[in-house]
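Q:
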Amino acid sequence: MKLDVLGCDGGRGLGYKTTSLLFNDTVLIDAGTIQSELTLERACKIEHLFFTHTHFDHIVDLPFFLDATFERRKKPLTIYGSANTLKTLKDHVFNNKIWPDFSVLPTPDKGQFTMKEIKPLETYRAGGLNIMPFNVDHSVPTFGYKLSDESSSVIFSADTSPCQELWRVANEAEHLKGLIMDMSFPISEQHVANLSGHTTANDLEHELQNFNQDCDIYTFSFKVGMADILDEELAKLSHKGRKLHSLRDHRTLSF
Ligand SMILES: [Zn+2]
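The sequence shown maps to residues 1291 to 1545 in my numbering.
1) Have a look at glycine 1418 and isoleucine 1477 and give me their C-alpha separation to the nearest angstrom.
2) Quick check: threonine 1432 and glycine 1487, are their CB atoms within less than 9 Å of each other?
3) Once the 5 residues before and after threonine 1490 are set aside, which same chain residues still bring their CB inside 6 Å of it?
4) When you compare only the Cα positions, how much space is there between glycine 1515 and aspartate 1493?
5) Taking the CB atoms as reference points, tell me whether phenylalanine 1424 and glutamate 1455 lie closer together than 9 Å.
6) Are at least three pairs of beta-carbons, each pair with one atom in the stretch 1505-1519 and one in the stretch 1293-1306, less than 8 Å apart?
7) Helix, strand or coil: how does DSSP classify asparagine 1425 here?
8) On the CB-based measure, 16 or more other CB atoms within 10 Å of its CB, does glycine 1371 come out buried or exposed?
9) Out of Lys1436, Thr1404, Phe1403, which has the shortest C-alpha to C-alpha gap to arginine 1415?
10) Taking the alpha-carbon of isoleucine 1470 as reference, which of Ser1536, Ser1441, Val1459 has the nearest alpha-carbon?
11) Would you say valine 1444 and lysine 1467 are within 9 Å of each other, going by their C-beta atoms?
12) Ligand 1 heavy atoms versus the CB of glycine 1297: any closer than 8 Å?
13) Please classify glycine 1531 as buried or exposed, where buried requires at least 16 neighbouring CB atoms within 10 angstroms.
14) Given a cut-off of 9 Å, decide if leucine 1318 and isoleucine 1336 are closer than it, judged by their beta-carbon atoms.
15) Give the DSSP bridge partners of phenylalanine 1360, in chain order.
16) Along the alpha helix (DSSP H) that carries arginine 1415, what are the first and last residues, could you check?
17) At a cut-off of 8 Å, would you count threonine 1397 as near ligand 1, judging by its Cβ distance to the nearest heavy atom?
18) Look at the alpha carbon of leucine 1498 and the alpha carbon of alanine 1525, and state the distance between them as a whole number of angstroms.
Here's what the structure looks like:
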């Protein structure tokens, strides 16, 4: 399984790119950063877009993506998400006020995207992967994802505060090779993390006691301007003798 990290931060600024994880060239998790990291040719190869939730930093590039690939793609993009996520996108983005409804453009039978509602703990097949959403604890309804092929699995926590369901799914995952975890705020901003449904290094240290498996662990969702302090706090964490990594330090990973 190949992962291209197009962006993995909790905001946009100089050196910070909002979250988009591209698996096997055709499956994208979230639409925080697409256009600035991919040629148009590569962008047109994305067939499946799975959303964790609708916070702006996770959807911001979708309108530009559809605009840039308009009529170039060979088949419509499939957008996957919870009923809540899909309705929010329809009502508040593709409402012909904020952005055109590309699901019926250029004509209703040649729309640029279709939507598919997905449910937690059901498995969906896309891009050669089995993809299973599960509920996490954030300030709006949010899915984490387990992505698997024949030889490996990866868990993406999405934006979340400490969450029992995440550890239940992670502990049961077969051939688990990677865990990508929210670590948005420094310990000094624990109250903001609590209010906004995110995780700090203190939370993570505590939560990892629930994690029985041994695999590489990466953190993501660093807030703008906080990478130095978050890297310092991350350097003090380990799990089963392994240091944790920042996903920001990786452009491509193989699992
Ligand atoms: Zn969020």
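The C-beta atom is built at its ideal place from N, Cα and C for all residues, glycine as well.
Note that the structure is a prediction, hence the values are computed from the model and not measured.
A: With the given structure in hand:
1) 39 Å
2) yes
3) Phe1475, Ile1477, Gln1480, Ala1483
4) 20 Å
5) yes
6) yes
7) strand
8) buried
9) Lys1436
10) Ser1536
11) yes
12) no
13) exposed
14) yes
15) None; phenylalanine 1360 has no bridge partner.
16) Per DSSP, arginine 1415 belongs to no alpha helix (DSSP H); it is in the beta strand (DSSP E), 1414-1416.
17) no
18) 15 Å
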